[in-house]
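Chains as they are written, first to last, in the numbering used here: chain A, 1 to 232; chain B, 1001 to 1232. Every residue gets a Cβ at the ideal spot worked out from N, C-alpha and C, and that includes glycine.
Protein chains: 2
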Amino acid sequence: KIIENIEAYFATHNPFLKGKKVLVTAGPTREKLDPVRFFSNRSTGKMGYAIAEAAARFGAEVTLISGPTELEAPANVEIVRIESAQEMYEAVMERFPHVDIVIKAAAVADYRPKHVFAKKMKKQPGDYVIEMERTTDILKTLGEQKTSQILVGFAAETDHVEEYAKQKLESKQLDMVVANNISEEGAGFAGDTNIVTIFKRDGSVRSLPLLPKKQVAEEILKEIHQYIEAIR
Amino acid sequence: KIIENIEAYFATHNPFLKGKKVLVTAGPTREKLDPVRFFSNRSTGKMGYAIAEAAARFGAEVTLISGPTELEAPANVEIVRIESAQEMYEAVMERFPHVDIVIKAAAVADYRPKHVFAKKMKKQPGDYVIEMERTTDILKTLGEQKTSQILVGFAAETDHVEEYAKQKLESKQLDMVVANNISEEGAGFAGDTNIVTIFKRDGSVRSLPLLPKKQVAEEILKEIHQYIEAIR
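This is how it looks when you write it as C-alpha cells:
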C-alpha cells in the first residue's frame, strides 16, 4: 500500500523537467473593435493552465502567458496576463530566447479589426462591414527564430484534423502538434476533458483516449520529455 | 442595538416587491462567426445579477435571462441561459406578457455576422471583411408592445451620457434609464462598483455616487418601486 502510494506519487511528481524553463500560453485573445466590443473565441484556457500546472509539478520553471480567463494562476507558476494577439506576441518574443520549451496552447486570434474606435460606436440602421487584418503569426515567427528550443503547437479543428495538424508541423517548423477535433463530444475548449492526437516531427503519432485535461497535460509533457531524450 | 439591527434588516429585506414578477437580463451576448470565433462585449453580468438577487430579496418573483458569464445563479431566482442576441430576444418575448417589471441590464449585441460558417474558417493571407447585420432591438420591441409593464433600460456610454440616455428613454418608450459612463474609474462592466444616473420618464434625474453594485441594485429597485407608487 505504501509502495503503491509512493509509486503513484512519483508518477505525477517525478521532477523530469527539473532545470528546464518552460513557456506556456493559454486562453483566448480579445481583439478590440471599440472600448466595449471585441472579437474573441471559445478558448477557456483550461488545457494551457493544466499544462503549466503539471510542468511546474514536474520540476520546470514555468511562465504562463494567459489571455482573459476566469482561472486562477496555478501554484509555482509565473503568470503574465495579456489581452490581444499583439500583446501575446510581445510577451512571448521577449521571453523566447531564455526558455527551453514553448507550448502554445493559447487560441490567438488570426485576425483583428483594422480600425479600433476610441469611443463606443453608436449603432446605425442597416448592415455594415468590419475590415479585418491578420495578426502576427507567433508560432511561425518562433519556428523561424528558434535556436535550440522545443516548440509545441496546438491544432483545434472541426474537420481534416490530421491533414491540418501535419501541415502545421511542417509550415511552422514545430517539434510537436497536439491536435483535437473540437466538434467531438468531450474534446475541445470549455470542458474538463479532451481527446488529442500527438504528431511529432519524427513522424510518430500517438492518439490518446478521452481523458481529464490534467492527465492530457501530463501525457503531453511526458511526450516532450521523451522527444528531448531521443534527439539529444 | 437590536432595533438598529432590525432596521438594517428591513432596509434590505423589506419585501416591497412582493407579488411582482420581475424579468432581469444580464451579461453579454455572443454572436458566432464560426464554431470557434465570435463577437462579444465586456459585460460581466455583475450589475444584472445584483439586481436579480436584490429583487428576489425584496420579495419579487424573479426570472434572470443571462448571457455567458462566470457568475453563479442568485438565490431564489429562476435562471435562463442564452448565448446570442436572437436567443435573448426569444427568451424575453416569451416571458414579457406575464411580467410586471422588465430590467434590461444585458449588453445585447447590436450587430451579428451575416454569415455564420459551419466549420472553423482557415486563415488566409491578407485582409478580409466581415459583413455585419443588425440584431433585433429587444428594448424597442418591448416599448412598442408593452401594456402595463414597467420598462427599465441601461445605457453604457463613453461620451454624451445624458444626451444618449434621454434619447433612449424617448425612442424606446422606457420608464427609466440607468446610465453610466463606462470610461469613468469605478463605473461600468468588470468591477464590483458602479456610478449611475437614473433618468425617469417623469423628467426626474437622480445621480448616485460610487457604490458597490449590490447597493446600486437596491437603489434602482427602490426607484422603480417609488415610480410605480407615483403613477398608479
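{"Query": "Where MET1132(B) meets chain A, residues with beta-carbon distance less than 9 angstroms", "Result": "ASP127, TYR128, VAL129, ILE130"}
{"Query": "Within chain B, the residues that ALA156(A) reaches when beta carbons sit closer than 9 angstroms", "Result": "VAL1036, LYS1120"}
{"Query": "Candidates PRO1209(B), THR1135(B), ARG1057(B): closest to PRO964(B) by CA position", "Result": "In the structure displayed, chain B extends from 1001 to 1232; residue 964(B) sits before or after that span and is not available."}
{"Query": "Assumed close pair VAL1024(B), ILE1051(B) - CB separation to whole angstroms, cut-off 8 angstroms", "Result": "5 angstroms"}
{"Query": "SER1084(B) versus PHE1096(B), ARG1134(B), GLU1078(B), residue with shortest Cα-Cα distance", "Result": "ARG1134(B)"}
{"Query": "Within 8 angstroms, strictly: CB atoms of VAL1152(B) and ASN1181(B)", "Result": "no"}
{"Query": "Straight-line gap, LEU64(A) to ALA217(A) (C-alpha atoms, nearest Å)", "Result": "14 angstroms"}
{"Query": "Check whether ALA233(A) and LYS168(A) have beta carbons under 8 angstroms apart", "Result": "Residue numbering for chain A in the displayed model covers 1 to 232; residue 233(A) lies beyond these limits and cannot be assessed."}
{"Query": "Touching by the beta-carbon criterion (3+ pairs, under 8 angstroms), the stretch 1124-1133 of chain B and the stretch 1179-1196 of chain B", "Result": "no"}
{"Query": "Opposing strand residues paired with LYS200(A) [DSSP bridges]", "Result": "MET176(A)"}
{"Query": "Endpoints, alpha helix (DSSP H) assigned at MET93(A)", "Result": "85-95"}
{"Query": "Rounded C-alpha distance that separates MET1121(B) from PRO1113(B)", "Result": "13 angstroms"}
{"Query": "Where ARG112(A) falls: helix, strand or coil (DSSP)", "Result": "strand"}
{"Query": "Given 8 angstroms, three or more beta-carbon pairs between the stretch 1020-1038 of chain B and the stretch 88-105 of chain A", "Result": "no"}
{"Query": "CA nearest to the CA of GLN149(A), picked from THR44(A), TYR227(A), HIS13(A), ARG206(A)", "Result": "TYR227(A)"}
{"Query": "N- and C-terminal bounds of the alpha helix (DSSP H) containing ARG1057(B)", "Result": "1046-1057"}
{"Query": "Buried or exposed by the 16-neighbour rule on C-beta atoms within 10 Å, applied to GLY1186(B)", "Result": "exposed"}
{"Query": "LEU208(A): CB within 7 angstroms of a non-hydrogen atom of the ligand ATP", "Result": "Inclusion of the ligand ATP in the displayed structure is not the case, the ligand content being empty and no account of it being possible."}
{"Query": "PRO1028(B) beta carbon less than 8 angstroms from that of ALA1118(B)", "Result": "no"}
{"Query": "Spatial distance of PHE1016(B) from HIS1225(B) (CA atoms)", "Result": "7 angstroms"}
{"Query": "Closest Cα partner of ILE101(A) within the set VAL62(A), SER204(A), ARG232(A)", "Result": "VAL62(A)"}
{"Query": "Distance, LYS1104(B) Cα to LEU1200(B) Cα", "Result": "Leu is not the amino acid found at residue 1200(B); the sequence shown has Lys there. Going from the Cα of LYS1200(B) to the Cα of LYS1104(B) covers about 15 angstroms."}
{"Query": "Whole-Å CB distance - PRO1068(B) paired with THR158(A), under 8 angstroms assumed", "Result": "Contact doesn't hold; Cβ gap of about 20 angstroms is too wide."}
{"Query": "Proximal residues to ARG1042(B) (C-beta, below 6 angstroms), its chain only, five neighbours per side dropped", "Result": "PHE1189"}
{"Query": "Bridge partner(s) assigned by DSSP for SER183(A)", "Result": "SER183(A) pairs with nothing; no bridge assigned."}
{"Query": "Neighbour list for LYS123(A) in chain B, Cβ cutoff strictly below 9 angstroms", "Result": "ASP1110, TYR1111, ARG1134, ASP1137"}
{"Query": "Closest residue to GLY1059(B) among THR1044(B), HIS1013(B), GLU1163(B), ILE1082(B) (Cα-Cα distance)", "Result": "HIS1013(B)"}
{"Query": "Run of the alpha helix (DSSP H) containing SER171(A), from where it starts to where it stops", "Result": "161-171"}
{"Query": "Inter-residue Cα distance where the pair is SER171(A) and VAL77(A)", "Result": "30 angstroms"}
{"Query": "Of the residues GLY1048(B), LYS1166(B), GLU1229(B), GLY1191(B), the one placed nearest ILE1198(B), counting alpha carbons only", "Result": "LYS1166(B)"}
{"Query": "Given ASP192(A) as reference, the closest of GLY48(A), ILE3(A), GLU4(A), SER66(A) once Cα atoms are compared", "Result": "GLY48(A)"}
{"Query": "Beta-ladder partner(s) of ASP1147(B), from DSSP", "Result": "As written in the sequence, residue 1147(B) is Thr, which differs from the Asp given in the question. In the DSSP output, where bridge partners are listed per residue, THR1147(B) has none listed."}
{"Query": "Short CB-CB distance (under 8 angstroms) between SER1183(B) and chain A", "Result": "yes"}
{"Query": "Residue span of the alpha helix (DSSP H) that contains LYS1222(B), given as start and end", "Result": "1213-1231"}
{"Query": "Residue range of the beta strand (DSSP E) that includes LEU1070(B)", "Result": "Per the sequence shown, the amino acid found at residue 1070(B) is Glu instead of Leu. That residue, GLU1070(B), is in no beta strand (DSSP E); it is neither H nor E in DSSP."}
{"Query": "Unbroken beta strand (DSSP E) run spanning ASN1041(B), endpoints", "Result": "1037-1041"}
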